[in-house]
Amino acid sequence: MIKRKKRSRRIKTRTTMALAATYKIVLGSIAFAIFWVLAVFPAVPLLPIGRTAGSLLGAMLMVLFRVITPDEAYAAIDLPILGLLFGTMVVSVYLERADMFKYLGKLLSWKSKGAKDLICRICLVSAISSAFFTNDTSCVILTEFVLKIARQHNLPPHPFLLALASSANIGSSATPIGNPQNLVIAVQSKISFGDFLVGVLPAMLVGVSVNVLILIIMYWRLLSIHKDEEDGTGEIVGEDDVSSHRFSPATMSHISISNSMDHVQISPNNINGSLATHLDSLRNRVNSGDQLEIQRSPCGSIDTNDIPSPPQFSEEKEPKTEHWKNKIWKLCVYLVTIGMLVALLMGLNMSWTAITASLALVVLDFKDARPCLEKVSYSLLIFFCGMFITVEGFNKTGIPSTLWNFMEPHAKVDRVSGIAVLAIVILLLSNVASNVPTVLLLGGRVAASAAAISASEEKKAWLILAWVSTVAGNLSLLGSAANLIVCEQARRAPQLDYTLSFWNHLKFGVPSTLIVTAIGLTLIR
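Okay, so the sequence shown: first residue is 1 according to full-length UniProt numbering, each after it adds one.
Shown next as structure tokens:
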């Protein structure tokens, strides 16, 4: 309790900071504006250098303009968040090699009982997988499966794509490892994995259920009409084809900032260049892995020792041995992952737990780990470093504190009206500035305001921030990277291409986001 009070006083001291010198305000605002433009519009024509370089540029300008010192810049980098992010990405790579996501794809089509049953399955599988493997990873893995299943049942794809993206966002709110903003919240708030899960899980479960109902009500007639009655295309895809693709989950798990907002429909001419490049890289690895993979290797690479030798006397015994080796290795991967989740639930240090699990998988694989580690998104880790420094520099200007001091009396979490005001601010800011910067800017201030009421209110404030900033991604197609991943994956799927328009998403996204957010707020514990 004494430590909590000291931490609250430190937070409050930071949040009541007076405005800095005029030159720091001006130069710090310029540096932050450059970071914001490149984070939201990474392919802006004037400076198309992307998000990662944009975050480093913002950080460098903060130091160059003397808004913060070099030592303060280094201190602003949150190593536990980077460690947790790295560990979960490595675990995701090995889970993909162990066919975890292939089994999830099969689960979607197993004994299906029609369109509405498929909607429920997609929402449930997407939400659960997102809670433990991040929302972006789930969308990368499952989008093509969903398209093939919709085609197999002669159904229009867009209700199922909306179900996948929206449920992935809602489901990822339940755990600290579900999305990047939750990682930040869990580390900064010191809320344990178990407390976080218990606090948000009821809202997540009810939110997914409400999301399913909204989808079924909005698309009832469409789900009752077979696609071949609408456009005459009724080709059926076999069940083996539905579950035959292999994906690399870590490739897209780092895209967490909203894409350019000046586009109304995602198409080949206007899709964000950075996103398209990552998807090209993903598809190239998938295709090469399907063609070259002879038997299991750590990350789709071919080891010369794995190439079958000429027939020997034991040629019937060899495949059986390799089969059982593969089975045992997969079992070890699943056991290590379960052990990691149990350790997180027990309250052990989240960052070191994830790192330990990832290194255990590296050792158990007993092969050169370089191919697997190359799949980790180091550009994401660098982006976070630059963002930490840039946001800390903007905090030093005193502008966020001044704005929060004006809004704080109307955003108290012990009143219904205050929670409503706070939720609206988070919702809007998450769609304008993206969710991770929103959490970094508001987190400490919202927590300090709530801590002045009680310790329980402080925890509730953090969980409200996690819930609203995550569900806010469903508002529009551009509100979440998971939405854009689903859209671009669907457009690029071979022989299954489908374009999900901005307006089709918005018609569903606005009512779903507002209703799910409001209901969830009443269940946050």
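Note that the Cβ used here is the ideal one computed from N, Cα and C, for glycine as well.
Note that the structure is predicted; figures quoted are calculated from it, not measured.
Among the candidates the options, whose CA atom is the shortest distance from the CA of residue i?
i	options	result
ALA53	LEU380, PRO70 and PHE132	LEU380
GLY386	PHE35, LEU331 and ALA21	PHE35
VAL198	SER209, SER173 and TYR219	SER173
ALA127	LYS325, ILE170, GLY58 and ASN395	ILE170
LYS330	PHE101, LEU61 and LEU82	PHE101
PHE145	ALA115, LEU155, PHE133 and SER109	SER109
LEU506	GLY479, PRO494, VAL44 and ARG525	GLY479
GLU488	LEU142, LEU38 and ALA115	LEU142
THR22	THR438, LYS396, ALA59 and GLU72	LYS396
ILE338	ARG97, ALA461, PRO371 and PHE132	PHE132
residue 604	ILE453, LYS320, ALA98 and VAL125	Because the chain here runs from 1 to 525, residue 604 falls outside it and cannot be looked at.
SER112	ILE77, ASP78, ALA150 and THR134	ALA150
Check residue i in the structure and name its three-state DSSP category.
i	result
SER401	helix
SER297	Confidence at SER297 is low in this model, with a pLDDT of 39, below 50, so its placement is unreliable and the value that follows should be read with caution. It is coil, neither helix nor strand.
SER166	helix
SER417	helix
SER501	strand
GLN495	coil
ASP241	Residue placement at ASP241 is flagged as unreliable, the pLDDT there being 45, under the threshold of 50; the coordinate-derived value follows with that caveat. If DSSP states are grouped into helix, strand and coil, ASP241 belongs with the helices.
ASP368	coil
SER172	helix
PRO437	helix
LYS148	helix
SER358	helix
VAL376	coil
LEU478	coil
THR522	coil
TRP110	coil
ILE424	helix
ILE515	helix
residue 563	Residue 563 lies beyond the range of the chain shown here (1 to 525); nothing can be said about it.
LEU215	helix
residue 584	Nothing about residue 584 can be read from this structure; the chain reaches only from 1 to 525.
SER192	coil
PRO156	coil
PRO80	helix
ALA452	coil
LEU46	coil
ILE382	helix
LEU161	helix
ILE141	helix
VAL203	Here residue 203 is Ala; the residue named in the question, Val, does not match the sequence. Note: ALA203 maps to helix in three-state DSSP.
LEU19	coil
ILE177	coil
Between residue i and the rest of its own chain, which residues show a CB-CB distance below 8 Å, the 5 nearest in sequence each way excluded?
i	result
GLY347	SER192, PHE193 and GLY194
ILE515	VAL210 and ILE214
PHE508	LEU162, SER166, ILE214, LEU215 and MET218
MET407	VAL421 and VAL425
Residues in its own chain within less than 6 Å of residue i by CB, not counting five upstream and five downstream?
i	result
ALA369	VAL362
LEU56	GLY386
ASP497	ARG491
GLY520	ALA203, GLY207 and TRP467
TYR103	none
ASN483	ALA165 and LEU477
TYR94	VAL333 and LEU361
PRO308	In this predicted model, PRO308 has a pLDDT of only 42, less than 50, meaning its place in the structure is not dependable; the value taken from the coordinates is given anyway. None.
SER358	GLY87, VAL90 and VAL91
ARG525	GLY199
Looking at the secondary structure, which residues open and close the alpha helix (DSSP H) in which residue i lies?
i	result
TRP324	317-345
TRP462	455-471
ALA98	First-last for ALA98: undefined, no H or E at that position.
ARG121	115-133
ARG51	50-64
PHE182	At residue 182 the sequence reads Asn, which differs from the Phe that was named. Residues 180-189.
PHE32	22-40
LEU223	220-223
GLU72	70-76
Ignore the nearest five residues each way along the sequence and tell me which others in residue i's own chain have a CB closer than 7 Å to its CB.
i	result
SER130	SER138, ALA168, GLY171, SER172 and GLY178
SER512	SER166, ASN211, ILE214 and ASN474
ALA360	VAL336
ALA343	THR353
LEU147	PRO157, ALA490, ALA493, LEU496 and TYR498
PHE394	GLY28, PHE32 and PRO400
Quiz item: Does the region 172-190 come close enough to the region 198-217 to have 3 or more Cβ pairs within less than 8 Å?
Solution: Yes: the two stretches touch, three or more of their Cβ pairs being nearer than 8 Å.
Quiz item: How do the region 60-77 and the region 425-435 stand: do at least 3 beta-carbon pairs fall below 8 Å, yes or no?
Solution: The region 60-77 makes no contact with the region 425-435; the number of CB pairs closer than 8 Å stays below 3.
Practice problem: Take every Cβ of the region 399-417, pair it with every Cβ of the region 81-101, and state whether three or more of those distances are shorter than 8 Å. | Solution: Result no; under three Cβ-Cβ pairs closer than 8 Å.
Self-check item: the region 90-97 / the region 319-327 touching (three or more Cβ pairs under 8 Å)
Solution: no
Quiz prompt | At least 3 beta-carbon pairs within less than 8 Å: the region 397-412 vs the region 498-505 | solution = no
Practice problem: Say whether the region 181-191 touches the region 152-163, bearing in mind that this needs 3 or more beta-carbon pairs closer than 8 Å, one atom from each stretch. | Solution: no
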